[in-house]
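Chains as they are written, first to last, in our numbering: chain A, 1423 to 1661; chain B, 3 to 379; chain C, 518 to 981.
We treat Cβ as the ideally placed atom computed from N, Cα and C, and that holds for glycine.
First comes the structure, then the notes that go with it.
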């Protein structure tokens, strides 16, 4: 089964505990929404799955299929098909955006003579100007453009599991609608862990599973109904 | 005259320092040697010694500081105090002051004190010379304010070496205002484990040499705000060196200078980060406003970095008075001098953080205002 | 620019060195200086220039403000020799690291041998002649400086040693006394040279002298780009390289001078480079220092007349055992002049970089604009980077700014790239190449490709 299985995950950063025993299952082909108040540990979880060295794993496991991925380097996790769309993508001066895309793609998927064409086509879909390809990576991109550029990478690299860390924040209404459609289309082949604060995106996709996180733990999981409940009552009653 | 009652260790020390002075350069860094000017005015041997009483040097609220400090005359000590070993002379003038000081004091502030009334060290010289050596020892978990005022009259000479050791979890707020009409030298050396806010304003009219040296130990924090106003023929030789010796140290230095007439300032800002200074941050900014064709500014904002676990940044600029701003001010009815005064005052004042101690900020504003009077004449 | 059939490796001055077969004994004296001049059949004024310079060389102290030069032994240096005699005769005699670098830079077999001095390879006559003809038609003089002294004495005499006096510093004095080789370029009024002129690419680089002397004159409205150096490490038996480069850009002229320095790691590279920019002229120094044990080099522009502009872009990389002490000087002597300085430095494995620069504004040089930006990357805690930007402003009506930053590669940047499947080394390479991208953009494409490879080879030690 191509899935990420997290068990009893405990994580700290700068000697401070931020995850206190997280259990979660993200399956390929399904959309999993993760919600929760600010500071509940959602972004930490995303970063730890991808292997950000800033965080220390104290206990628990993350398996991708049968493999324990905690031992793997960041790029090895990427090669297994895990992808993280960053909440705040970093800017890297002088690194040409097109060059970056081609390098990343070739590294993961091998040579593709049609790649450049494909990139421009997808950028058109995302309403991203081709001019971005000439710029430095993420430099001079607006907040929303950075997010759409992350989405472009999901579309190109077609990961098995894509973690979208608040990709909808900073996006305008049209972009959020577009995000919904794209996620829906890709979800046949990709599993999504979508971290969000925002109900809007939930008007455009129908998640298979919804989990709520608080104080470094998953405190509730359920299906779509849970969202309706949150919309009506807020987090307050649930937690 | 060195009094006959001086202990042997002190006589020996004076001799050693004299020998050290012969060996040392006027600049401890070769890279700055080319900017050395008016060397002879830095020495003080041609002037008669003048002895002064301690009472003329220290001013403080006796009630507030009661039982909180201990003041000792260095000449009364039977042994060489340990603080003498903590600091090494960096240049010839520092060694000469150590060799020739007329007044030497060690002030020890106790642990766990918090006094917001400033302790004032007033180096006022009406004639001749005044050479002072002051050691301040501040204990742990204390917070104090020190106000150092320097004023030498036209033909007088002021020379002071100040050495400070600041303990853990302590906070030192230090203000130096030098408005000397004559020659003035200050060497301020500080070893810190705590937090330092250092504010200085130099408005010397003749020649001012001001050297600040701070050695930062683990978890210390330094915030330096320096303002300088030069007019007439005043000459400034200013060096601020911040050494990040240990990890988790943060420093920030802002310097702003205004130079008018034929004044000249050499500003040497150095940030040094040693290998052990991991997880440290340093920021240095120097900005000069040049008001006259004959004014001159030289600056060397240097970085010396020996670790990769740090961030260091500096910026520097030099520019003329913004004519648009001047035009705007004059269009509101100010005459040119008044407009310049307003703009310059704002420029210099902005280097000092308004959140600092109100007494300090008032004193600084006053001094700036007094200095800017020269435009009215 | 139109791409012509111009292989950078194919341009040589084959007449220049063939005559001198004598190697002087090590060590220097006025006698040796005279003999050099005599052997070259130089006119009296040049002999005088040399002996005069020799006196300055003796008098001048070794500079102490920069890198450690105390280990240079002037007695152990061969001051004049036929270039090829200095090379090894056997490919296998080359140090392993240099041989390996040649392989990994992808340098063709034939060129490798030539670089190492095993074989001397001459340029294709056809290419050489076509370029020579094209330049001649334009009235451009491009030859080695020895030839220029013989064939264009009036031009040489007018400009030689005028930008950099023999007494400028100890190493300029040394060069003035014993110089040999180097390029001479004269571009007449209004002529724009359509291709970058390149004297020492690869093959010729191996034959480059230790004391070459280059003089470039761009007459009014002329435009020329000159490239020197090469990406392959230049192996030398002698440990001192002291060149002098003088550039004169007359009214409205544009001169762009590109250097990639990659001397082998035992060489002291002490070079004086200076340009005079006259009314509305524009001078650019594009300078990379990758090799050598110690480099002290501060390409300068003296902005002599109103409207002159300068642009200096430099990259320095200091790996194990290297000290790159580099920077630039912009001396504003006239109103309305402007200068832009950008410096990028990288140090790792105990290497040391120093930025030492000067922006000077003379009194009367009103409305000057100058901006400097220095960025340093430091990889570990036994490397070191220093920044000493001197700013001497004597004129109120000028706007000068300076910015500098030092730091390591950002963890978050590495994480981002690694999360896209790049290894740590690939990510570091990508970030470092981005860091110096502005510089690489200035290089001709063949050069740029090799330069990137060279950076990557240097970065291999950066991953713990």
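The bridge partners DSSP lists for residue 184 (chain B) come to none. In terms of Cβ geometry, residue 809 (chain C) and residue 780 (chain C) form a close pair [threshold 8 Å]. At a Cβ-Cβ threshold of 8 Å, residue 823 (chain C) and residue 796 (chain C) count as neighbours. Counting only Cβ-Cβ distances below 9 Å, residue 318 (chain B) has contacts in chain C at 889, 906, 908, 917, 918, 919, 920 and 921, in chain order. At least 8 Å separates the beta-carbon of residue 151 (chain B) from that of residue 112 (chain B). By the criterion of at least three beta-carbon pairs nearer than 8 Å, the segment 779-793 of chain C is not in contact with the segment 707-717 of chain C. Sequence-ordered contacts of the segment 1474-1506 of chain A with chain C read 1474, 1475, 1476, 1495, 1496, 1497, 1499, 1500, 1501, 1505 and 1506 [C-beta pairs closer than 8 Å]. Distance from the CA of residue 258 (chain B) to the CA of residue 121 (chain B), rounded to the nearest whole angstrom, comes to 26 Å. DSSP places residue 11 (chain B) inside the alpha helix (DSSP H), whose first and last residues are 10-25. Neighbours of residue 172 (chain B) in chain C, taken as residues at a C-beta separation under 8 Å, are lacking, since the least C-beta distance is about 29 Å. Residues of the segment 931-948 of chain C whose Cβ lies closer than 7 Å to any Cβ of chain A, in chain order: 932, 933, 935, 936, 937, 938, 939, 940, 947 and 948. Using a Cβ-Cβ cut-off of 8 Å, residue 924 (chain C) counts as an interface residue toward chain B, since at least one Cβ of chain B sits closer than that to its own.
Each residue's CA atom was taken as its position, placing residue 284 (chain B) and residue 269 (chain B) some 18 Å apart. Under the Cβ criterion of 8 Å, residue 964 (chain C) is not counted among the residues facing chain A.
For residue 670 (chain C), the three-state secondary structure derived from DSSP is helix. Look at residue 322 (chain B): its C-beta is under 8 Å from a C-beta on chain C. Under DSSP, residue 696 (chain C) shares a beta bridge with no residue. For residue 874 (chain C), the nearest beta carbon of chain A is not closer than 8 Å to its own beta carbon. Beyond the five residues adjoining it in sequence on each side, residue 885 (chain C) comes within less than 6 Å, by CB distance, of 849, 854, 878 and 915 in the same chain, given in chain order.
Residue environment analysis places residue 7 (chain B) among the exposed positions, since fewer than 16 neighbouring C-beta atoms fall within 10 angstroms of its C-beta. Using a C-beta cut-off of 8 Å, the segment 66-82 of chain B makes no contact with the segment 30-49 of chain B, since fewer than three inter-stretch Cβ pairs fall below that distance. Just so you know, the alpha carbons of residue 1507 (chain A) and residue 1472 (chain A) end up roughly 10 Å apart. The alpha-carbon separation between residue 352 (chain B) and residue 155 (chain B) amounts to approximately 28 Å. Around the beta carbon of residue 27 (chain B), fewer than 16 other beta carbons lie within 10 angstroms, which makes this residue exposed.
Note on residue 562 (chain C): under 16 other CB atoms within 10 angstroms of its CB, so exposed under the neighbour-count rule. With respect to residue 1558 (chain A), residue 1519 (chain A) sits close: the two C-beta atoms are nearer than 8 Å.
Taking the CA atoms as reference points, residue 771 (chain C) sits about 6 Å from residue 741 (chain C).
Shown here for residue 92 (chain B): same chain residues with a beta carbon closer than 7 Å to its own, the five before and five after excluded, namely 30 and 215 in chain order.
Close to residue 1591 (chain A), with beta-carbon spacing below 9 Å, lies no residue of chain C; the smallest spacing is near 18 Å. When C-beta distances to chain B are compared with 7 Å, the residues of the segment 857-887 of chain C below that value are 880, in chain order.
Contact check for residue 1565 (chain A) and residue 1597 (chain A): beta-carbon distance about 11 Å, past the 8 Å limit, so the pair fails to qualify. One Cα belongs to residue 1641 (chain A), the other to residue 1544 (chain A), and the distance between them is close to 38 Å. For residue 1601 (chain A), the uninterrupted alpha helix (DSSP H) run begins and ends at 1595-1608, by DSSP.
For the segment 303-317 of chain B, residues whose beta-carbon sits nearer than 8 Å to a beta-carbon of chain C comprise 303, 304, 305, 306, 307, 308, 309, 310, 311, 312, 313, 314, 315, 316 and 317. A Cβ of chain B is located within less than 8 Å of the beta carbon of residue 901 (chain C).
The three-state secondary structure of residue 1566 (chain A), taken from DSSP, is helix.
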